[in-house]
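Residue numbers (UniProt numbering): 1 to 114.
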């Protein structure tokens, strides 16, 4: 039997490692990566990322490797079952969201529709 609890949103090792290195550069150990969803983009909704040292009422915090990922409750409902990852490739380095709830995504992967 596993002690792992199924989380509504996964935070990959690659993303946690990148957050850890970026936070070290900022010299503020209270910073967390906040992922959120706003209206816009070519598909209707778009993902956003920012660093935040505040956790608001209703936010969910996922800890991995000593760093946190924060999601507000409104955004979380669109992200359940997804994951936040970090990738480096020909198109550059970026945090990406894999979202099983998205019916379609734009070519760059930063916006989606439900």
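Heads up, the beta-carbon is just placed ideally off N, CA and C, and yes, glycines get one too.
The three-state secondary structure of residue 77, taken from DSSP, is helix. Residue 77 and residue 69 have their alpha carbons spaced roughly 15 Å apart. When rounded, the separation of the alpha-carbon atoms in residue 48 and residue 88 is 18 Å.
The closest CA to that of residue 46, considering only 13, 56, 37, is found on 37. DSSP places residue 85 in the uninterrupted beta strand (DSSP E) bounded by 82–89. Distance from residue 9 to residue 79 at the Cβ level is roughly 5 Å; contact confirmed, criterion being Cβ atoms closer than 8 Å.
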